[in-house]
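2 protein chains.
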Amino acid sequence: MLLESNEQVEQMQAAATKPGSFSREFENRRSAIDAALMQPINVPLPADAGGGYTHEVHKKNYALIRDAGRLYLLSQEKKYADLIRDILTAYAEMYPSLPLHPKQKEQSPGKLFWQSLNEAMWLVYSIQGYDAVKEALTQSERDKIENGVFLPMVKYLSDESPQTFDKIHNHGTWAVAAVGMAGYVLDKPEWVEKSLYGLDKSGKGGFMRQLDELFSPEGYYNEGPYYQRFALLPFVMFAKAVDVNEPDREIFEYRDGILLKAITTTIELSYNGLFFGINDAIKDKGIDTIELVHGVTVAYNKTGEKGLLSIAKIQNQILLTGDGLEVAQALDEGLEEVYPFTSKAYGDGISGDEGALVVLRQNQSSDHQTLVFKATSQGLGHGHFDKLSWLFFNDGKEIVYDYGAARFLNVEAKYGGHYLAENNSYAKQTIAHNTLVVDEISHFNGNTKEGNKYHPEVIFTEFDERLQVSVANMQNAYKDVTFKRTQAMVNSEEGLIFIVDVLDVNANGEHQLDLPVHFNGQFIDTSVDLAAQTTTQKALGDNNGYQHLWLQALGRVKNNLARVTWLQDSTFYSHSTSVTAEKQVEHDLMMVRVGANDPNFNLIAKQALVNRVKASGNVQFLSVLEVHGEYNGSREYTLDSKSSLVSLENTEVDSNEIVRVFKLDFTNDVSYLLALADDAKAHDQETQFSYMGKTFLIKGNAQLIRL
Amino acid sequence: MLLESNEQVEQMQAAATKPGSFSREFENRRSAIDAALMQPINVPLPADAGGGYTHEVHKKNYALIRDAGRLYLLSQEKKYADLIRDILTAYAEMYPSLPLHPKQKEQSPGKLFWQSLNEAMWLVYSIQGYDAVKEALTQSERDKIENGVFLPMVKYLSDESPQTFDKIHNHGTWAVAAVGMAGYVLDKPEWVEKSLYGLDKSGKGGFMRQLDELFSPEGYYNEGPYYQRFALLPFVMFAKAVDVNEPDREIFEYRDGILLKAITTTIELSYNGLFFGINDAIKDKGIDTIELVHGVTVAYNKTGEKGLLSIAKIQNQILLTGDGLEVAQALDEGLEEVYPFTSKAYGDGISGDEGALVVLRQNQSSDHQTLVFKATSQGLGHGHFDKLSWLFFNDGKEIVYDYGAARFLNVEAKYGGHYLAENNSYAKQTIAHNTLVVDEISHFNGNTKEGNKYHPEVIFTEFDERLQVSVANMQNAYKDVTFKRTQAMVNSEEGLIFIVDVLDVNANGEHQLDLPVHFNGQFIDTSVDLAAQTTTQKALGDNNGYQHLWLQALGRVKNNLARVTWLQDSTFYSHSTSVTAEKQVEHDLMMVRVGANDPNFNLIAKQALVNRVKASGNVQFLSVLEVHGEYNGSREYTLDSKSSLVSLENTEVDSNEIVRVFKLDFTNDVSYLLALADDAKAHDQETQFSYMGKTFLIKGNAQLIRL
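If you're matching them up, the sequences are chains A and B in order. With full-length UniProt numbering, letter number 525 in the first sequence gets 525, and the count goes up by one each step, no holes. With full-length UniProt numbering, letter number 582 in the second sequence gets 582, and the count goes up by one each step, no holes.
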């Protein structure tokens, strides 16, 4: 079989008749397909674009073919084989005479569908159904189907579409997976070879090169978790087929187990079940998506890692495959263990050295604190102009947010469910993120091609129990301005939870520097005397996303510590920023809300605070985000609703210019030094410095010192 | 004992040593109190106002006294009795010489606290602790405590505070409960008599009169569920004491079981665990509040209704009382049943004829559809100017919302946690609700005293499986304008779920009529060509709440059907309004967002749509809210995102002027007549009318007819 061993098939057939979650899923699926059996077969002439009638019918058909194949495999009931035969025969009668799709999309149209991507998906699923029933068909039935649809479709997707087939891109993965899987089912080793190594079999194109280039060594996919999850499915399905049919290729061991890393990394780029909303992410996608159900199911078969079962349990979807049976039985036995979410830097780029997505996690519970430091490269067309931005999660929710994509998927009234114009005009722009904007212009001047050329450099990451730090540099986002950012998440012995965020800017000439923090929650108060726009408010700017923000209030920061406290659910958050520069500067705090220049209400009316300064030379934004207190509306008490940060400074030390030391004073006489030795090379290297006449040590790159 | 029979005490003592939720709670409480035992006794001289140090210490002390009493009762360990003796002795030494509290609040100051309300609470709790341990004290210890604190405090709260003690108000309930409970414990029948019938024992004041007047016959408390829950506690505790000590008074049978009705009504004025957010409600309060834990516990003891146990299960708090033990044991045995939430009109006023809160519920599941039609009277000082407003809940969430109170309880930065100025300037105003505003002026010109004089008249309510209707009239909210509203919730056999809302206005002279719908969710689209405020936006008005709304967009309604579709979680909602008047009118649709004139960000940036018309004479706003479709971001499909309402009209019938008929056409040729016979007196009365040559019948007041 294409996706399982004969032994697995026998076990599945046995399990289908015994109580358990596998047979429950089998029965559910059977009632759905039995209902479909009552309907006439419907194979319309291709006419409509994505979302349209014929598009949806052909999508439904390939799912039906696959599902009916599973049912035949499990039950051996002829009606399912007949159904597949009849549908595929209808396709076989239509396909050879089809021209390119009338609504062909851009460079790579299909015949059944407007783009060849959908055509490849049709083949990936349909070939699985055919694989399950082909032994039940006569030779002439098989010939008709294979010659009528599979052979010409394979030809169209491979030899006739080299620009897609040989492309190192997830569309290419769907194409090679389709052709390769068809190769196994139709016994055409040549197709498999082309799928693995490109049309010319040189290895310049094909699946192996995709495995080499589309994931970093840590299994990070350049476009981020939302697209990683999407790209995962053809990788996993085709690899599974290779593994079953040619185990000697050791596909899952390839590149130090890159496929399994891609699966676990997809899981790990999530918080409380939802993917980090970076780049063009739609934020209600999470680890229960079908692509990751396949990923987790296959990964459990390969590794037996019981942490994967806890993900499968959340997914709550059993696959009717051999690997699906293993997961179902393990869950029935209650074997799941907590998935080991940990702090990690997910290197970006083929060699993992083109920046990284750095994930700092405080502990293992599902509502733990998580800081995501986005020091990745651009992420191609779905990337945002957000170098060295950050996100913060607590208590199960996104607190410091990334807007994600401006898109209402499949909602026709919203531009047909496509990316909205506001995705470019707002969501991708730098001001929509939590990072530096110079002169109201986005990174790389908002040019993706330019952005793809550069990447941040991660200077170090260090993860200790009470202090986790990452530092990265960005040289090329602006012509005249470079910046370096330090993110430290602290969980102190004294019970304080806070983040220290240091943005060091070097500006050649005077520039306007904006540093936004987009937060979810209700504003409580601020240390700044804000002048609110009470009866009229205006858009903050004209371009680069600024035109979509209402300026709600603005105030000059008097004592150089701009604090804003807000409440989200039951927790208070206080964000404080101090700005220093070579020449004495004053800075402004602005409160803004999304929604200007949005006549169709395409944007969500979220909010942000923005610290703004005009300065030149070395400028430092030194910020602290405190997580504090509790609001309990039900039991009517409120604890620690006020920030306990008293002062915050970049402190001069008496010696040693290579260390950076920040002093934080809290109430109750709790003071810390956050000391950083950026250049330390080993975790146990010790760097000495003296402060106020005392000597201190930094072990490794970073140390939190209680004074 | 004050709160339980001797038999109950024995059962509690036995249960405390056996496994179960009662003993778990006992052990939890014991560890908390044992920790407190290590601390020195702290009875400071009264100095601070509510929320301040001495205020909080005295509050903690009375809770400690009560809890330690419970522990002594259960364990008979002397240390708990000693603790109570020592604390109360300290109070006894201080109290006699106390002047009025230095921060005395308004008319009714206390001595320990700034208001006598807190003093009464101190006594209600402390007397329970003393009751539990008094047998363990010597006569001289008892004399000292009783003469030092209880006697003078009772005297102060009763004879010396007639204005509070005899007041028919929840502050009066606390006072009589405190004095009456002390009367039982100190064996002073005179105190009990005064508590029950007023200082002069005439019955003009006191608990019985409060029972007569503070609840409607259906157990509705005039200020709404948020304050009903607050008022409930002294009622329940004192009644329980009366019931235990003088069962012959049959206190729980009084006024047809009014106390039990007050408890169940409090439960029923909630959705998905949270109270309806009407009037000055803080919207995170729900059925798990401690007041209702007492209510449910006592009610279960009196009634044995197993539906109450499902509420107790949600509350997840066991009381260490005799009744608490019964609940604990019943929960341990899994006896809980679904609480029977049903459609009901909760009459307002002493006789239940001063309007009603009409609750329409679609079914029994926790995410069912619920429509709340607020046809109540004003609700005193905590009432809002919201005659004939409505709220709608679906899928576990509030969809058409009431803003509730503008207040962050106990959050010091927000005006000390008190009601914010915006509670008066926005939250109470009519425009903050889903009802008619005339000429940008609130009902009763925003005058509570004026509002208290009038109430709506409920014309009928009728609850059938597929159609639930309520109609009410409001004559006196404006001098020149009267209005009548019809709310019908439909769950049709064809699977359509919608609300028909008919607002019939009679305006003497031309007036501007605004009808807002405050909705939670993301705007999707509208049938109206809106001109959005893209680069500048202004406040909608100057006064009466209008100054707090940003006008985001405005459009003239062209085909007389102003539809707005929004998405909340996974469901779409479409609200359509048609306006007709004697003279042909055109109306406008406005989109507004809360937040103007709010320099301290005290308001939550919620949104509304407003239909506006200038007209005179008879004007009708005919609206439909459809609940439709599904957005599934995780599985990437969207169903029925478009409204299926095709047309909507107030239809002329061929005969019979006493019926009102509305015709609704949906897609797929589904058409309904909603036919109303307002004057029908009985549910089985039949009213005939003819339409398009056919004859139809209305059974009772309302009929939904599929055409």
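Using N, Cα and C, we set each Cβ at its ideal position, and we do this for glycine too. These numbers were taken from a predicted model, which means no experiment stands behind them.
Open item on the list: Let me see if you follow: with CB-CB separation under 9 Å, is residue 522 of chain A close to chain B or not?
Closed with: yes
TODO: Could you check what DSSP says for residue 196 of chain B in three-state terms: helix, strand or coil?
DONE: helix
- [ ] Return helix, strand or coil for residue 142 of chain B, following the three-state DSSP convention.
- [x] helix
Task: Cβ-based contacts, 9 Å cut-off: residues of the stretch 590-607 of chain A near chain B - done: 591, 593, 595, 596, 597, 598, 599, 600, 601, 602, 604, 605 and 607
Task: residue 425 of chain A in three-state terms, based on DSSP - done: helix
Task: Partners in chain B for residue 126 of chain A, counting only beta-carbon separations shorter than 7 Å - done: Within chain B, no residue comes near residue 126 of chain A; the closest Cβ sits about 20 Å away, beyond 7 Å.
Open item on the list: Quick check: the Cα distance between residue 535 of chain B and residue 603 of chain A, rounded to an integer number of angstroms?
Closed with: 15 Å
- [ ] Using alpha carbons as the reference points, say which of B/276, B/92, B/380 and B/320 lies closest to residue 372 of chain B.
- [x] B/276
Task: Minimum C-alpha distance to residue 561 of chain B - residue among B/527, B/211, B/537 and B/683 - done: B/527
TODO: Look up residue 505 of chain B in the DSSP assignment and give the residues it is bridged to.
DONE: B/483 and B/619
Task: Closest by C-alpha distance to residue 118 of chain B, when choosing among B/188, B/55, B/680 and B/217 - done: B/55
- [ ] Throw me the rounded Cβ distance for the residue 608 of chain B and residue 518 of chain B pair, which I believe falls under 8 Å.
- [x] 4 Å
Task: Residue-level contact to chain B via CB, residue 535 of chain A, 9 Å cutoff - done: yes
Open item on the list: Out of A/219, A/703 and A/88, which one is the CA nearest neighbour of residue 469 of chain A?
Closed with: A/703
TODO: For residue 669 of chain B, name the three-state secondary structure that DSSP assigns.
DONE: coil
Open item on the list: Excluding the 5 residues flanking residue 566 of chain A on each side, which residues of the same chain have their C-beta closer than 7 Å to its C-beta?
Closed with: 519, 521, 522, 523, 524 and 573
Task: DSSP-derived helix/strand/coil call for residue 243 of chain B - done: helix
Open item on the list: I'd like to confirm the pairing. Which residues does DSSP put opposite residue 553 of chain A in its beta bridges?
Closed with: A/532 and A/591
Open item on the list: If you reduce the DSSP assignment to three classes, tell me which class residue 443 of chain A lands in.
Closed with: helix
Task: Cβ shell of residue 291 of chain A (< 6 Å), same chain only, five flanking positions each side left out - done: 229, 232 and 233
Open item on the list: The beta strand (DSSP E) that contains residue 698 of chain B, what's its start and end?
Closed with: 694-699
- [ ] Report yes or no: is there a C-beta of chain B within less than 9 Å of the C-beta of residue 290 of chain A?
- [x] yes
Open item on the list: Since residue 95 of chain A and residue 181 of chain A should fall inside the 8 Å C-beta cutoff, what is the C-beta to C-beta distance between them, to a whole number of angstroms?
Closed with: The pair is not a contact, with the Cβ atoms about 18 Å apart (cut-off 8 Å).
TODO: Quick one: grab the DSSP three-state call for residue 759 of chain B.
DONE: What the structure shows of chain B is the stretch from 1 to 707, and residue 759 of chain B is not part of that stretch, so it cannot be assessed.
Open item on the list: Going by beta-carbon coordinates alone, are residue 81 of chain A and residue 133 of chain A separated by less than 9 Å?
Closed with: yes
Task: Span of the beta strand (DSSP E) around residue 649 of chain B - done: 645-651
Task: Spatial distance of residue 27 of chain A from residue 289 of chain A (CA atoms) - done: 22 Å
Task: Residues, ordered as in the chain, of the stretch 621-632 of chain B that lie near chain A by beta-carbon distance below 9 Å - done: 631 and 632
Open item on the list: Against chain A, which members of the stretch 394-414 of chain B pass a CB distance test of less than 8 Å?
Closed with: 408, 409, 410, 411, 412, 413 and 414
- [ ] Verify whether the separation of the beta carbon atoms of residue 298 of chain B and residue 240 of chain B is less than 9 Å.
- [x] yes
Task: Exposure label - residue 637 of chain A; buried when at least 16 CB within 10 Å - done: exposed
Task: Neighbourhood of residue 679 of chain A by C-beta distance below 7 Å, restricted to the same chain and skipping five residues each side - done: 658
Open item on the list: Using a Cβ-Cβ distance cut-off of 9 Å, determine whether residue 223 of chain B contacts chain A.
Closed with: no
Open item on the list: Taking the alpha carbon of residue 49 of chain A as the reference point, which residue from A/111, A/86 and A/20 has its own alpha carbon closest?
Closed with: A/111
TODO: Sort out for me which residues DSSP pairs residue 390 of chain B with in a bridge.
DONE: B/373
Task: Interfacial residues, the stretch 536-549 of chain A to chain B, with Cβ spacing under 7 Å - done: 536, 537, 538 and 539
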